[in-house]
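In UniProt numbering, the protein residues as written are 1 to 286.
Set out below in structure tokens:
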């Protein structure tokens, strides 16, 4: 199919250096290697000097490796951003680091293991998530060409009140832990609150900052693009089985990962559904 061939050919294009991706890849690589080796070192040593030296060395080595890989392979962002599994793999290392933290707390270890593993897990998650978003943006940018064939106003789902309550709860838990001297747990709750705020801004649920008016759905030859203030995601037409209305929501059946648009998110959900139906019919006819 023409769309599939176009998508498959993007790896063959000549990409310019991606400075933002390279910098984030460097920090991600440094945080990952430093976190792993220093956590392992903390199991055998309680010396702050040894741990600090290990972390610094690991960060420099990992950052150099991440920067080199992202610089040499200019098509790396496109390949990483193509599938959900590849993007998810970037934050996968958080799981073992998190298990180390939980294990240290449950076992009551009197060491620096949790003090090393928790900040490392947070930094790896933040940079890994940023890297995955950058990669997806690059992939979408390479997969689509020209101006959109159609544009639909879209309001991302979410509740300002609910989001505000959750952030307030995270900060309250952080303050409570800080008062009793549980600094690592306070760091955990503050980080969760910060991540939630960042997610609200990136997704466009909080109308703050530049680009907040750019939340929309766009139709291209390659597929349907959900455009947020800072991110874009692509649903290729050949990935869609069919589209239907369910309890007022437009549901795009997409193999294992359906895409749902609530009635309140679209100005005219019925017309939107019909437009997708026409696209799919034209796709099958070609």
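Note that CB positions come from ideal geometry on N, CA and C, so glycine has one too.
| query | result |
| --- | --- |
| Same chain, Cβ closer than 7 angstroms to residue 127, five either side skipped, listed in chain order | 24, 27, 28, 31 |
| Residues of its chain near residue 305, where Cβ-Cβ distance is below 7 angstroms and the 5 sequence neighbours each way are ignored | Absent from the model: residue 305. The displayed extent of the chain is 1 to 286, so no value can be given. |
| Buried versus exposed call for residue 47 [16 or more other C-beta atoms within 10 Å across all chains shown] | exposed |
| C-alpha distance - residue 276 paired with residue 218, whole-angstrom precision | 11 angstroms |
| Identity of the residues DSSP links to residue 233 by a beta bridge | 226 |
| Straight-line gap, residue 147 to residue 20 (C-alpha atoms, nearest Å) | 25 angstroms |
| Own chain partners of residue 263 with C-beta closer than 7 angstroms, once the 5 adjacent residues on each side are dropped | 248, 249, 269 |
| Contact with chain D by residue 54, beta-carbon distance below 7 angstroms | Checking the listed chains, one finds no chain D in this structure; it contains a single protein chain. |
| The alpha helix (DSSP H) enclosing residue 276, as first and last residue numbers | 269-285 |
| Helix, strand or coil at residue 249 according to DSSP, with G and I counted as helix | strand |
| Any 3 or more C-beta pairs closer than 8 angstroms across the stretch 156-168 and the stretch 117-136 | no |
| Same chain, Cβ closer than 6 angstroms to residue 101, neighbours up to 5 away in sequence not counted | 114, 117, 118 |
| Residues near residue 231 in its chain [Cβ-Cβ closer than 8 angstroms; skip 5 each side] | 133, 136, 137, 202, 203 |
| CA-to-CA distance, residue 192 to residue 5, given in whole angstroms | No answer about residue 5 holds up, because its pLDDT of 44 lies below 50 and its placement is not dependable. |
| Rounded straight-line distance, which links the Cα of residue 89 to that of residue 179 | 36 angstroms |
| Inter-residue Cα distance where the pair is residue 87 and residue 131 | 8 angstroms |
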